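Counting in our numbering, the sequence shown runs from 3 upward without gaps.
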Amino acid sequence: MKAFERLASKLSTFSAFLAGVAMFLMMVQVSFDVVLKYVFNWPIPMTLETVSSYYMVALVFLPLGIVTRDHEHISVELFTQGLNDKWMAFTNATAGVLASAYVFVMFYRSGQEAIHKTIIQESWETAILDMQVWPSRWFVPIGCALMTIYLLIHVVDNYSFFFRGRRIMTSGSVTSKLDLDL
């Protein structure tokens, strides 16, 4: 299980790195576009299309694995703040089962869509050419797959803590806030 988690961690880290590269490229392209547009009246062609079809999709979906791995999603503890560690683990595991089912459906459907768009070579018509956008369709299933993997890792870890009193994942990347309280 730990080898599987290490592999998932490496894939999630690489995916988040690619999202960081996309953010940097977006920042550079948009900055140059603004300067060139207002100083020289010469905007960079297809900036809007590139930002909306590639950069923003990468920024939203590629980091999902690392965000899930590090427990960085927003959580509200209104009803669970009084639970002890054991029951908090049970609640987190049960919520993880529901979340992983939902995200798996997102992975499955977006994967089907990515396959379809790849087959038809989806492109957007711009003022100067047809821009291929089908590759960016793969960012969604990649991010959802990594998120599903980490949700399931957390489910197994939390149920292990609930039923056996100990966590099976002890690496820094999957320890939860509960471990810090023990």
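Backbone N, C-alpha and C fix where the C-beta goes; we use that ideal spot for every residue, glycine too. Note that the structure is a prediction, hence the values are computed from the model and not measured.
query	result
Whole-angstrom distance between HIS156 and SER162, CA atom to CA atom	10 Å
Residue nearest to ARG169 in terms of C-alpha spacing, selected from ARG111, ASP87, ALA97 and SER125	ASP87
First and last residue of the uninterrupted alpha helix (DSSP H) at GLU115	87-121
Whole-angstrom distance between THR150 and VAL99, CA atom to CA atom	10 Å
Cβ contact check for the segment 134-141 and the segment 115-125: 3 or more pairs under 8 Å	yes
Rounded separation between THR128 and GLY167 - CA only	59 Å
Counterpart residues of LEU25 in DSSP-defined beta bridges	With the sequence shown as reference, residue 25 is identified as Met, and Leu is not the correct amino acid for it. DSSP lists no partner for MET25.
Alpha-carbon to alpha-carbon, ALA91 and ASP159	9 Å
Nearest-angstrom beta carbon gap, PRO65 and SER112 [assumed within contact, 8 Å]	Their Cβ separation, rounded to whole angstroms, is 16 Å, which puts SER112 and PRO65 out of contact at 8 Å.
GLU124: first and last residue of the uninterrupted beta strand (DSSP E) it sits in	Run containing GLU124: none; DSSP gives neither H nor E here.
One or two residues paired with ASP132 in a DSSP bridge	GLU127
Segment limits, alpha helix (DSSP H) that includes HIS156	141-166
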